[in-house]
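Have a look at this one:
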């Protein structure tokens, strides 16, 4: 079957043939032979191809035919220049692929709306205060963060939630939820650890989420006597439950409590926090939070000062966040169980748009992702400048061809379209190849995501928006590198270009030189960023932690979640200490309520007896061997004894910084008041980085509570830690085969996990810096090589007139290095400005831009420039004058 424009071409041929035949018939009737009649008919009819072109211009399919011609011609030209084509395509694939991968990750983390109906109606309810709300807020569970001079909190009391929900009725639906919490789960004999989020019964109705299978939670699940129910995510249903619809109604064990599976969430719903990775949803009362030993979570013994619920609301259409806030403000303040001690401690509501999910991930990764998008855009600009130079070089070689086509009647617009079509073809091929680059880079970035963000909970597949984004990047790229070379080629001067031996003037290459200068300037910025962030990562990794980090193995156990309690739980921990301590290769067994290098304890205020000043400290609970297992020495007094730790004695050790804050010569023997009462200070430990590599917090060490549901085991070994893992697993299995070991890492691995954000940023910045360095070097090399080749005749004349090879080599070196130096001069202010922006965005601390990094970046680029120019300079100096003159 013929396409419309093919059919039109056939009809045009028939019509032209008909007219010719008709004219020939008339001449033949006048007595001419058939051959003579046809010859005279063609002469009288005019140029057949010209007539066809005029007819085609009137055809509605003409533009498609011309595009097809341009595409075919462009492909032939690309085949004739395979080196330029390959260089351009590979450069574009890397640049577009990197841009697409980071755009896709940024979309999944920052921009994508929740997979619920009308997400723009969702609002997160927070509150602010200028200082801690003492007397009003007691124990809390949630998160807080700085916003200028204010602190924003996301937790509310049970009474506050109920008051806000009741007051907002008719204007908004308000639901409560808890932070997701890891729990031991068991189904069909398979024990795993899953993340569970407690939610109010109206949570899913408020979100307007429909089940994929079964049903979701409702208010009926919160009624007294209701059987504990759980809703599973589609991912958990497929991976852990086999993807069978028969599991609906069956039981799954969570922390040794039986739940029936009510339903499965739809595949597109991946939670309310990007990358959160929640697997199971149950009611607040049945969540691991609620059933933990802390009494302030329990409904039968409520603590009115406990604030632990997070709130999410769906506004009725037409109700603005400001209107909703004015409605619920009075109810919020009326729900307080006590009055704030000062105006600065008075909470005030703040409503935040939640269409894209809750903002914890955006706060953590928003600025880094925006910075990475800016850096990868600069890489793409360098790539476009490089390809533009390649196309300019090829345009110079094809100038005679362009002049010939213009002299034969081709218009500038038609010629420009032809050359631009070749640029579009390069961009399209590079865009297609970039899909593989983006996929590989995306998987690498998922493995480097910071803790708390699970890559398997992020959907990085290409949806309509990311596909359109990648397409837009490809089109913009084609415009950036293709329009100017096409325009310059179309404006060729026909007479000089058609003369043999005419060489372009050197001013012709001014645009190409500006492009290389632009590349080098941006290269300074990108290479400086690569060096700064890589050096910062290395510095953080090598910081002194204050403890011996080699030969330490960490893992978590959660015996309280599978039924251990009371004296049985205590005996389990005692037995664990004794049995692990007896293993060959295990030197010390430490047990802690918190994992080192993972936030490092919980924060509270303490006050030395006889003083009025409160001190905010990180509190750790550990057994007697915890400090020894980490290798933290005691600098004054003594450590905890086994008897004190197991009896829960009112004794503590403190860090050196904590001792300085108390302001006493010797704190040993002094007593300190905490939320648990008065504790005697028996020792001072060396400062250590327990929370992370960023800072050293003041620390208080209390005896480990052997009634705790979960614990982190810290083992110091005399052999490589992982070599002892097999015997350690065997001991835990012998004690309880249903008790899984969770999050098994060496201390070095744990430290690396805390730096995953910095590692992601350093790795990407380093990759961009290397790519920019390569592109700058190739761009400068290509420019000087082509310029030297075009000036072969000139160089031959100079050498024939007495110029030495050294003179020629110095001349080429001088021209290339002068151009590189100009780029470096323009690049230094760019790099300094970029570092200030990074500091202002919190990506770097104050004073974290040592000038040696800028010097190193300039030096690396300068050496690369010398190497790039040296090759063309050597080739120029080796030109034979007579051969060059013959070629000229």
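In this note's numbering, the protein residues as written are 16 to 903.
Positions of the beta carbon are idealized from the N, C-alpha and C atoms, including for glycine.
What you are looking at is a predicted structure, and each value in this text was computed from that prediction instead of being measured.
- Note that the C-beta distance between residue 831 and residue 883 is below 9 Å.
- In the displayed model, residue 566 falls within coil according to three-state DSSP, outside both helix and strand.
- Beyond the five residues adjoining it in sequence on each side, residue 375 comes within less than 7 Å, by CB distance, of 158, 288 in the same chain, given in chain order.
- Under the DSSP definition of a beta bridge, residue 171 partners with 324.
- In this structure, DSSP gives residue 176 a helical state, which the three-state scheme calls helix.
- Sorting 690, 591, 819, 551 by C-alpha distance to the C-alpha of residue 861 places 551 at the top.
- For residue 605, the enclosing beta strand (DSSP E) stretches over residues 601-607.
- Residue state for residue 663 is assigned as coil, using DSSP reduced to three classes.
- A check of alpha carbon separations from residue 299 across 221, 390, 173 identifies 173 as the nearest.
- Pairwise C-beta distances place the stretch 338-347 in contact with the stretch 176-195, as three or more of them are shorter than 8 Å.
- Contact between residue 106 and residue 402 holds: their C-beta atoms lie close to 6 Å from each other, under 8 Å.
- Considering only 335, 609, 734, 783, the residue with the shortest C-alpha distance to residue 542 is 783.
- Setting aside the 5 residues that flank it on each side, residue 759 is surrounded in the same chain by 570, each with a C-beta closer than 6 Å to its C-beta; the list follows chain order.
- If you check the CB distance, residue 636 and residue 572 do not come in under 9 Å.
- Secondary structure at residue 195: coil, using DSSP grouped into helix, strand and coil.
- The stretch 586-606 makes no contact with the stretch 672-686; the number of CB pairs closer than 8 Å stays below 3.
- Where residue 850 is concerned, the enclosing alpha helix (DSSP H) starts and stops at 820-855.
- Proximity of the stretch 749-759 to the stretch 194-211 meets the contact definition, three or more beta-carbon pairs being nearer than 8 Å.
- Sorting 727, 433, 583, 327 by C-alpha distance to the C-alpha of residue 91 places 433 at the top.
- Between residue 699 and residue 668, the beta carbon gap of about 7 Å places them in contact (Cβ cut-off 8 Å).
- Scanning its chain for C-beta atoms nearer than 7 Å, with the 5 sequence neighbours on each side dropped, one finds around residue 233 the residues 216, 220, in chain order.
- Pairwise C-beta distances place the stretch 380-395 in contact with the stretch 111-121, as three or more of them are shorter than 8 Å.
- Classified as exposed, residue 97 has fewer than 16 neighbouring CB atoms from the shown chains inside 10 Å of its CB.
- A distance of 9 Å or more separates the beta carbons of residue 835 and residue 885.
- The alpha-carbon separation between residue 890 and residue 536 amounts to approximately 27 Å.
- By the neighbour-count criterion, in which a residue is buried when 16 or more other Cβ atoms sit within 10 angstroms of its Cβ, residue 618 is exposed.
- Its Cα nearest to that of residue 119, the residue 455 stands out among 581, 352, 455.
- Under DSSP, residue 215 forms no beta bridge with any residue.
- Distance between residue 406 and residue 491, taken at the CA atoms: about 16 Å.
- In the DSSP assignment, no residue is bridged to residue 351.
- With respect to the 9 Å criterion, residue 248 and residue 295 are classified as neighbours on the basis of their beta carbons.
- Assignment of residue 486 by DSSP, reduced to helix, strand and coil, places it in the helix class.
- By the neighbour-count criterion, in which a residue is buried when 16 or more other Cβ atoms sit within 10 angstroms of its Cβ, residue 293 is buried.
- Annotation for residue 268: the continuous beta strand (DSSP E) segment containing it runs 266-269.
- Nearest in C-alpha terms to residue 210, of all of 140, 291, 30, is 291.
- Contact check for residue 139 and residue 367: beta-carbon distance about 5 Å, within the 8 Å limit, so the pair qualifies.
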